[in-house]
Amino acid sequence: MTQQVLNAIFIGSIYALFAVGYTLVFGVLDVLNLAHSAVFMLGAVVTYSLVALHGMPFLPAAVIAILVCGLLGLLIEFVALRPLRRRNAPPISALISTIGLALIFVAIVEQATSGSLFSWLWQDGANSVRFPTGTVPNPTFHVAGLTIEGTKLGILVISVVLMLVLGYVMRFTQVGRALRAVAENRRAATLLGINVDRIFASTLFVSSALGGLAGLLFGLALSDISPYIGRDQVELKGLAVIVLGGMGSIPGAVLGGYLLGLIEVFAFVRFGSNIEAGVAFAALFLVLVLRPQGLFGARLRERL
Amino acid sequence: MDFFIQLFTDPVGFYNQHELLIAQIGINAILAISIFVTFYSGQLTLANAGFMAIGAYTTVIMSLYLPTPLPVDMLVGALLAAAIGFLVGLPVLRLRGVFLAIATIGFVEALRLGVILNLPITGEGQGLKNPSADPLGGIVPILISVPILTYLVWRLTHTRLGQAWAAIREDELAASSNGINVPAYKMVAFVISALVAGYAGALETHINFFVDPTEYSVTRTIQILTFAVVGGTTNVIGPIVGAVFLTALPEIVRQFAAYRDVVNGIILILVIIFRPQGIVGRGGLAIIAPRWWTRWRTRERAAAAH
Chain A
212 MTQQVLNAIF IGSIYALFAV GYTLVFGVLD VLNLAHSAVF MLGAVVTYSL VALHGMPFLP
272 AAVIAILVCG LLGLLIEFVA LRPLRRRNAP PISALISTIG LALIFVAIVE QATSGSLFSW
332 LWQDGANSVR FPTGTVPNPT FHVAGLTIEG TKLGILVISV VLMLVLGYVM RFTQVGRALR
392 AVAENRRAAT LLGINVDRIF ASTLFVSSAL GGLAGLLFGL ALSDISPYIG RDQVELKGLA
452 VIVLGGMGSI PGAVLGGYLL GLIEVFAFVR FGSNIEAGVA FAALFLVLVL RPQGLFGARL
512 RERL
Chain B
45 MDFFIQLFTD PVGFYNQHEL LIAQIGINAI LAISIFVTFY SGQLTLANAG FMAIGAYTTV
105 IMSLYLPTPL PVDMLVGALL AAAIGFLVGL PVLRLRGVFL AIATIGFVEA LRLGVILNLP
165 ITGEGQGLKN PSADPLGGIV PILISVPILT YLVWRLTHTR LGQAWAAIRE DELAASSNGI
225 NVPAYKMVAF VISALVAGYA GALETHINFF VDPTEYSVTR TIQILTFAVV GGTTNVIGPI
285 VGAVFLTALP EIVRQFAAYR DVVNGIILIL VIIFRPQGIV GRGGLAIIAP RWWTRWRTRE
345 RAAAAH
């Protein structure tokens, strides 16, 4: 049982890291960025292709992949979000245009067969791939009867540190204050001389870089990599996480991530693997209906 | 190009050759009608795939275990979808905008992963073989249903009910202060949408030999949503045009068939940015002037004033 809880914490870290980026964009831009899961997938795929197909050492490959994901975030902002803002379109339009981008991102990896433009991205003809063993050292510890893999522990440490850093930036730095001001009231922030467009672009960059990092950690330690890991594993669960924590709240997303990890593991232990998959959505549905501000949100409008 | 040449020169041959495609277009058109109804009343609900699943599974299970004739099975399937739509709508329709969309996504996935994959009667994710499948005969009811449903919904949008929906869509507060019972009208739209989606699901089992739970995921709903967005939702013809266009597109441009999702994604983005009213719908392209353009224009004007 303790081992299961430990696993819940590892998977919960991924959920939290993914959902923090999701919720950051929702909090600041009021937009649900459904391309976030595709960026998550690309984080894993780009790292994989650099390491396994192009023989790069892991660390530089990971850094490049995270930067690529950040740039994809800028692409999302410039292609799918900014033109709509210029037109004052309703937030639903942005949801749909990001779906369009997600379709494109997934299809690019899906169709990256030999001879195509993106063949460098994917092993030819593979349905799913794995990092070659020994990509990162993976010592196994045995503590008090528990088995702890080094990479999973790494995930936990990296995510917690990053989330603390993000929390610090949001709370105590000038950029964080500007971000919160924009989230609170866009117009007032503009009047105070904050460059709102730049804030939006940097939000998308940071959010997508975090999403990409979550993806590569997920691919490294927890799962095979396929073009569909974003869509199948985290897109909708990420929604459940940010709903649990209260839409737009970063601490809520972190707590929600770990909570979902725990809920899933308990459902798995109690009812078996079939029920596990549906639990996240039952929780999402119930929370939205009974407590739309999220489990931890005091007020609906309080954010970030 | 051959596609169109054959369509006009040899319609019978075209029909025989593309029967499955035509059936799929018909099903998608009905689904587009289903999402149109909720869109028209100003709600973004994404539960259609779930209601399809209810309609489809009910029909197949009834024809497996009960001696009732097929039309009865299909009717029961659609009605059950509507009934469950009512029950789901009671709590969910209090939500708005993105929250409503997310809650309905939650419903679809909870139904598929939590219920359908776990009940012995639905085959526990293995799917069900349909004993009454008839791919060739099944196309006729589809082709009959599309124009009838289109007409009915088109008529509906011109009744008091439809006017109330439009009023709610434009301004909910104003509608309710004018004495429109907003929750009731929203519920009617949601239930009708569920009924039509359930009917589409029941029809679809008729042309497939197999009911596959993976067909009824959120991916399917998103596909239905793209029909409505690309076609436009100002009237019922829009989503149908969207469904026909997007379903036939991979057949028309065969060389891009592999890149179907890329093409779909690009179309979706272009439409939502430059033509928010959809392909069908009044008005021209929405022109978004980039910032350097407006800046340049004001500078020009200032220079001219001097």
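First to last, the protein sequences are chains A and B.
If you're matching positions, the first sequence starts at 212 in the numbering used here and goes up one per residue.
If you're matching positions, the second sequence starts at 45 in the numbering used here and goes up one per residue.
Virtual Cβ for every residue (Gly too), placed ideally from N, Cα, C.
Source: prediction; values computed, not measured.
- Contact residues of the segment 247-276 of chain B toward chain A are V262, T263, I266, L269, T270 and V273 (C-beta to C-beta distance below 8 Å).
- Cβ neighbours of N244 of chain A within its own chain (closer than 6 Å, five residues either side excluded): V236 and T309.
- Where H353 of chain A is concerned, the enclosing beta strand (DSSP E) starts and stops at T351 to V354.
- If you keep only unbroken alpha helix (DSSP H) runs of at least 4 residues inside the segment 272-359 of chain A, you get 293-297 and 302-321.
- For V454 of chain A, the chain B residues whose C-beta falls within less than 9 Å of its own C-beta are F143, I146, A147 and G150, listed in chain order.
- Contact with chain A is found for E153 of chain B, since one of that chain's Cβ atoms lies less than 8 Å from the residue's Cβ.
- Residues of chain B whose Cβ lies closer than 8 Å to the Cβ of P302 of chain A are, in chain order, G141 and V142.
- Considering only A:R502, A:G459 and A:F507, the residue with the shortest C-alpha distance to V231 of chain A is A:G459.
- In the structure shown, the three-state DSSP call for I79 of chain B is helix.
- DSSP places F254 of chain B in the strand class (E or B) of the three-state scheme.
- T249 of chain B is positioned such that its CB atom lies no closer than 8 Å to that of A76 of chain B.
- In this structure, the CA atom of E216 of chain B is about 17 Å from the CA atom of P302 of chain A.
- Here DSSP, grouped into helix, strand and coil, assigns I405 of chain A to coil.
- For the 8 Å CB-CB criterion, V340 of chain A and M252 of chain A do not form a contact.
- Rounded to the nearest angstrom, the gap between the Cα atoms of S189 of chain B and I277 of chain A is 51 Å.
- Below 8 Å, enough C-beta pairs join the segment 138-154 of chain B and the segment 484-499 of chain A to call them touching: three or more.
- Within its own chain, the residues whose Cβ lies closer than 6 Å to the Cβ of G468 of chain A, once the five positions on either side in sequence are excluded, are G223, Y226, A227, A230 and V452, listed in chain order.
- Along the segment 302-317 of chain A, going in chain order, the ones with a CB nearer than 7 Å to a CB of chain B are P302, I303, S304, L306, I307, S308, I310, G311, L312, L314, I315 and V317.
- With contacts defined by Cβ atoms closer than 8 Å, S419 of chain A and L295 of chain A do not form a contacting pair.
- Linking L157 of chain B to A488 of chain A through their CA atoms gives a straight-line distance of about 6 Å.
- Per the coordinates, the alpha-carbon of A291 of chain A lies some 13 Å from the alpha-carbon of N299 of chain A.
- At a Cβ-Cβ threshold of 8 Å, L427 of chain A and A255 of chain A count as neighbours.
- In this structure I313 of chain B is in contact with G311 of chain A, their Cβ atoms being roughly 4 Å apart against a cut-off of 8 Å.
- N60 of chain B counts as exposed, since fewer than 16 other C-beta atoms from the protein chains shown sit within 10 angstroms of its C-beta.
- Bounds of the alpha helix (DSSP H) holding E153 of chain B are G141 to E153.
- At a cut-off of 8 Å, the C-beta of Q215 of chain A has no neighbouring C-beta in chain B.
- Proximity of A291 of chain A to chain B, defined by a Cβ-Cβ separation below 8 Å, is satisfied.
- Collapsing the DSSP output to three states places L90 of chain B in coil.
- The segment 266-276 of chain A and the segment 392-399 of chain A do not touch, with fewer than three beta-carbon pairs separated by less than 8 Å.
- Looking from the CA of N162 of chain B, the closest CA among A:L506, A:V490 and A:A494 belongs to A:V490.
- Three or more beta-carbon pairs drawn from the segment 234-243 of chain B and the segment 88-103 of chain B are found closer than 8 Å, and the two stretches are therefore classed as touching.
- Contact between A218 of chain B and V226 of chain B is ruled out by a C-beta separation of about 10 Å, above the 8 Å threshold.
- Annotation: G322 of chain B to W340 of chain B spans about 31 Å, alpha carbon to alpha carbon.
- Residues of the segment 434-455 of chain A with a C-beta atom less than 8 Å from some C-beta of chain B are R442, L447, L450, A451 and V454, listed in chain order.
- Neighbours of P135 of chain B in chain A, taken as residues at a C-beta separation under 7 Å, are given in chain order as V500.
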